[in-house]
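Engineer: Using the working numbering, the first residue of the sequence shown is number 2, and each one after it goes up by one. No residue lacks a Cβ here, since even glycine has one placed at the ideal position from N, Cα and C.
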Amino acid sequence: MYPYSEQELLAQASQRTFPGRATEAKFLLGGIGTGNLSVGSRGQLCDWEIFNKQGKGNKLPYTFFAIRTQQDGQPPIAKVIESQLEGAFSYACGFHTSELAGLPRFAASEMKGEYPFVTVDLLDDALPVQVQMEAFTPFIPLNADDSGIPAAMIRYKLTNRANNPVDVTIAGSLANVVGLEQMDKHANVKLAEQVRNQFRQGENVSGLYYDAPGLNEDHRTYGSMALMTSTPMEQVTVKEAWLDGFWSDGIHDFWDDFCEDGLLQFRSEAHGQRGRLMNKSKLRIGSLGVKRTLEAGESYTFEFAISWHFPNRPKWWEGGNTFKDDGRREIEKNYYTHLFANAWDAGTYLLNNLPRLEQHSRNFHRALFGSTLPGYVLEALSSNITVLRSTTCFRIFNGTFLGWEGGLDQGGSCEGSCTHVWNYAQTLAFLFPDLERSMRRVEFLLETDEQGSMAFRTNQVLGGDRWDMIPATDGQLGTIVRLYREWKLSGDDAFLQEVWGKASLALDFAFRYWDSDGDFVLDSEQHNTYDIEFHGPNSHSNSMFYASLKAGMEMAQYLRDDERAERYKSAFEKGSHKMDELLWGGEYYVQQLDDIDEYRYQYGTGCLSDQILGQWMAHVAGLGYILPEDHVKKTIQSIFKYNFRSTLSEHHNVQRTFALNDESGLLLCSWPNGGRPKLPFVYADEVWTGIEYQVAAHLIYEGFVQEGLSLVKAVRDRHDGYKRNPWNEVECGHHYARSMASWALLTSLSGYSFDMVNRTLSFAPRINEEQFSCFWSTGTAWGVYNQTINTATGEKDWSIDVLYGEISNVSVNGAQKKVD
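#1: If I follow the unbroken alpha helix (DSSP H) through R442, where does it start and stop?
#2: Do L436 and A109 come within 8 Å of each other at the CB atom, strictly closer than that value?
#3: Mind checking V633: buried by the 16 CB within 10 Å criterion, or exposed?
#4: By DSSP, does P356 sit in helix, in strand, or in coil?
#5: Hey, how far is the Cα of S391 from the Cα of T474?
#6: Identify every run of the beta strand (DSSP E) within the stretch 217-248, keeping only runs that are complete inside it and at least 3 residues long; order them along the chain.
#7: Within 10 angstroms of the Cβ of T449, are there 16 or more other Cβ atoms? Answer buried if so, exposed if not.
#8: Are the Cβ atoms of A745 and A698 separated by less than 8 Å?
#9: Between N37 and A153, what straight-line distance do the alpha-carbon atoms span, to the nearest angstrom?
#10: Please return the same chain residues whose Cβ sits closer than 7 Å to the Cβ of L661, not counting the five positions on each side in sequence.
#11: Quick one: is D611 buried, meaning 16 or more other Cβ sit within 10 Å of its Cβ, or exposed?
#12: From the DSSP output, which residues share a beta bridge with T170?
#13: By how many angstroms is the C-alpha of E100 removed from the C-alpha of V121?
#14: Should T658 be labelled buried (16 or more other beta-carbon atoms within 10 Å of its own) or exposed?
#15: Of the residues E651, T690 and T636, which one's Cα is nearest the Cα of F705?
#16: Assuming K334 and F398 form a contact by the criterion Cβ under 8 Å, report the distance between their Cβ atoms to the nearest whole angstrom.
#17: Span of the alpha helix (DSSP H) holding F96?
#18: Taking 7 Å as the cut-off, is the C-beta of P129 nearer than that to any heavy atom in the ligand SAH?
#19: Alpha carbon to alpha carbon, how far is K186 from E83? Give it in angstroms, no decimals.
#20: So what's V522 in DSSP terms, helix, strand or just coil?
#21: Among L295, M226 and T138, which has the Cα closest to the Cα of T160?
#22: Using C-beta distances below 8 Å, list every residue in its chain close to A12, excluding the 5 sequence neighbours before and after it, in chain order.
#23: Are three or more beta carbon pairs between the stretch 672-681 and the stretch 592-602 nearer than 8 Å?
#24: State yes or no: is the C-beta of V291 within less than 8 Å of the C-beta of L265?
#25: Measuring alpha carbon to alpha carbon, tell me which of L216, A176, W405 and F247 ends up nearest G287.
#26: Between K113 and Q133, which are expected to be in contact by the criterion C-beta below 8 Å, what is the C-beta distance as a whole number of angstroms?
#27: The beta strand (DSSP E) spanning E333 covers which residue range?
#28: Once you ignore the five residues that flank G41 on each side, which residues in its own chain have a CB closer than 6 Å to its CB?
#29: In chain order, which continuous runs of the beta strand (DSSP E) of length 3 or greater are located wholly inside the stretch 9-79?
#30: Out of curiosity, what's the CA-to-CA distance linking F645 and A742?
#31: Might you give, ordered along the chain, the residues of its own chain that have their beta carbon closer than 7 Å to the beta carbon of Y5, omitting 5 neighbours on each side?
#32: I'd like the list of long-range same chain contacts for F200, defined as Cβ closer than 7 Å, with 5 residues on each side in sequence excluded.
#33: Whose C-alpha, out of G412, V422, V119 and S282, is nearest the C-alpha of G1?
#34: Measure the alpha-carbon distance for R458 versus S418 and round it to whole angstroms.
#35: Mind reading off the beta-carbon distance from G479 to T393? Whole number of angstroms is fine, and I expect it under 8 Å.
#36: Any idea if E708 is buried or exposed, counting beta-carbon neighbours within 10 angstroms, 16 or more meaning buried?
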C-alpha cells in the first residue's frame, strides 16, 4: 500500500548532496524583500534577481571568483572557482565571451544546502589546496530587519594539503550593472548611464563601490552595488576597473594580470592603437582579491560580501496602469531603504555585525537541523523558507509585507497577496509573525469594505483601484482563521482589537452572501483557489466556514462581543451538523448538485484533496475538530487512498503538468465511484506541492503518520536537483507561496499547540517519542524542545530551550514546568 518502507520514512538521514551535473539545484541568497542571487551546484553565482523583479536565468557578465596557487619552483595554477560546465554546448556562436567557458575550472563539485547556509566542495587533485565555498545571508526568525539585508556572504575555506607553503590569491570579479535596462540570456546588458567603480576603505572594511552618478534618482534601477571584504588591507589586492576595450580586452588583461603573480594592477594601461571596430562601453568590471601564504596543513577562510541597493520598485502589480504626469510609472521605495543608505552601507553593516548575525543564524540552523525529524521533512520545512526571500515577496516603504503567488522567469505571477493561496502558507506566521500581521491589517483594514466583502487580491495598498471580482469564499473565511492563529501565537490583544471590527464584518458577510436559505450551509456561488466557482453545498467552502465560525466565536467571547459570540456558536453547531448529514458519502464528503453538468468546473461525487481544508487550518490554529472526528479521519484516509499515485505513468492529464512519468504525487481530485463531470474543475488532474503538504500534515494530525510522510517524501524525491530545484517548488510560478504549507509538518509531527493568550505551550510528538527534538517558535521567542521517555518505566522527561527572544510565565505540557 505504501511506496516507502517504515525504515525509509523514519530514517534521520543527513541532507542530500548535489553534484555539479545536478544543474537544477540553485540556492537563494539575499534578505526578505531585497531580491536575491543564487549559488548553483557548480559553485557559480547565477539568477541575479536584485532589481525588484523576477529574473530566472539572469547572468551578470564577467562575474565570478577565481583562485591562483603557486608553490616554490612550480608554475602557478589558476582556475575559476566552479566545477566544469554541464548541459548543452550547441550555441550558434559558442559560449559568449562573458561566460568564460574556456577558462580552467575544478574537476567536480558537491553542493549541500541547509538553510540558510550552503556549501560547495570544489574537487580537483591538480591543486595543492582543498577548497570549500560557503555562502549565506543572515536569517534570524523574529528579526525581520536583520533577515532583510540586501547582501550575501561568500566564503572560501582553503586547506593546504601540500608539504610546503602555498601562495594563494582568491579574487572576485563583479560587473557594475547599476542602471540596468535590458539583459539577454548571454549576459549582454544595456545600461541607462555610464557607471562608475570606486575603491573604498571604511570602518574595518574595504572594497569596490559601484554607482552611476548621472542616473536620475527616480530611475527604476537607480542604486548601487558593492564587493567588499573585512580582511586586513595588507592582504587585499584590487583592480578598480578592467581595461575598457571592444572584444575581450578586459578579460584578457585581467586574467594575465591575475595569473602573473596573484596581485592585481589597480588601473590597467591600454597597449596599442584601438581597432576600427572599437566601441566605448558603459559597462565596468572590477575585481577584489585577497592574497595569503598558507603553511603546510594550514586552513584559512577568504571572506567576501556582495551587497546591492536598488531602492525603487514599481508601484503597481503586473498589468498596472499607474503613471506619473511625465509618462513614467510611479515608484515605491523598498523597506530596506530605511535601514541602509546604499550598498556600501549594507555591506559594512553585514561585515561589522557578522559575529552576532552569524551566531543567531547558526543557532536557528542547529535548532532546525538538529531535530529528530526525518531528513526529507527538514528539507521540506527549510527549502520553502526561500519563498520569503525570493522575489515572490517584498516589503514596501512603510514595512508592509506583500507577495505574489509566485514568479515567472521575468515577472511576477498572480498579484495581490492572494488570500486563497496565502491561506496555505504557514512559514511566515511562525517565523516572522509581525510580517504576517501586516498582511492581516491590509486584508481587513484596507481591503474589507463596510459590507464585509474582502477583495482577495490587494491593489489599494499600492494606490490602485480595488480588485474587481466577487469575493473568494475560501480566501475570506481562511483569513479569519489566520487572524485567530496570529492572535494565539502572539498573545497580542491590541492587534486583535485593532482588526476585529472589520474581521467580524467579513464573517457576518458570509451569512448574507453565500448562504442563500439561512440554514448555515453555504450554497451560493463560491469563488475559490481553483480560479472557478463551486455551486451548491460542498465541504471545501463549508469546512472553511465552520473553522472561521469557531475562531470568530472564541475571539468574540474574549472581546465580550456577546451577541456575535452566541450567533457564531449557534451557526457553527447547526451548520456543521447539517453539512455532515447532507454531504457525508460514507468514505468522504461530496458536493451536492442535482445536475453536475449544469455548471462547468464542479466536482460532484469526486474525492477532492482539499475537501476539508478548513479542518486542517483549524488543527494548525488550535481550534480542534469542526466536523465529526470519525468522519474527518475516514475522509483524510480516503484522500490518500484514492488520490495518491505511486506512479503517474498511466495518469491522463491534459492540464498543466507538475509531476509525470514514474514520479509519485497526489492528484487534486479523483472519481473512484464514477460521476466525473464532462468538464471538471480546472486543475483537477494536476499535482500541487502545497496541497500535498496540506494533506500530509492533516494525515499526521489524524494519526496516519506513514501515509503523511509518504506524501512528503514523494514531493522531495521529485525535487532531485536534476529535474527540479530542491529550493524552488513551482505551481503558478517559481517559489510558489502555497508550498509554505510545509511548515505544518513541524507542528503536526511535534504535536505543537500554542496559546500565548493563556500562556501555554504543549508538545505531543508523533514520531521518535523516546528521543525527540524539534524547533519551536511563538510571536516572541524561539528555541528547541527536547523529550526523552524511559522505555522501562515510561517516565517522560523534557526541556525547552530559548535561543532567541523572551518568553516568560508560560506553562509547558500542562503545569509540570514553566518557562521563565
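Structural biologist: On the basis of the data shown:
#1: P434 to R442
#2: no
#3: buried
#4: helix
#5: So the alpha carbons of these two residues sit roughly 28 Å apart.
#6: Those beta strand (DSSP E) runs which fall completely within the stretch 217-248 and span 3+ residues are 225-230 and 237-240.
#7: buried
#8: yes
#9: 9 Å
#10: L649
#11: Buried, since its Cβ has 16 or more Cβ neighbours within 10 Å.
#12: R69 and K292
#13: 20 Å
#14: exposed
#15: It is T636.
#16: 4 Å
#17: Looking at the DSSP string, F96 is not in any alpha helix (DSSP H), and its letter there is neither H nor E.
#18: Of the ligands one can find in the structure shown there are none, so the ligand SAH has no counterpart to examine.
#19: 20 Å
#20: coil
#21: L295
#22: P375 and G376
#23: yes
#24: no
#25: A176
#26: About 10 Å separates the CB atoms of K113 and Q133; that is not less than 8 Å, and the two are not in contact.
#27: I332 to K334
#28: Taken in chain order, the residues that qualify are K27 and C47.
#29: Segments of the beta strand (DSSP E) lying fully in the stretch 9-79: 27-30, 37-41, 46-50 and 65-71.
#30: 18 Å
#31: S711 and K714
#32: L209, V239 and E241
#33: Look at the range of the chain in this structure, 2 to 821, and you will see that residue 1 is not part of it.
#34: Each residue's alpha carbon lies about 6 Å from the other.
#35: T393 and G479 do not touch by the CB rule: their CB atoms are close to 19 Å apart, not below 8 Å.
#36: buried
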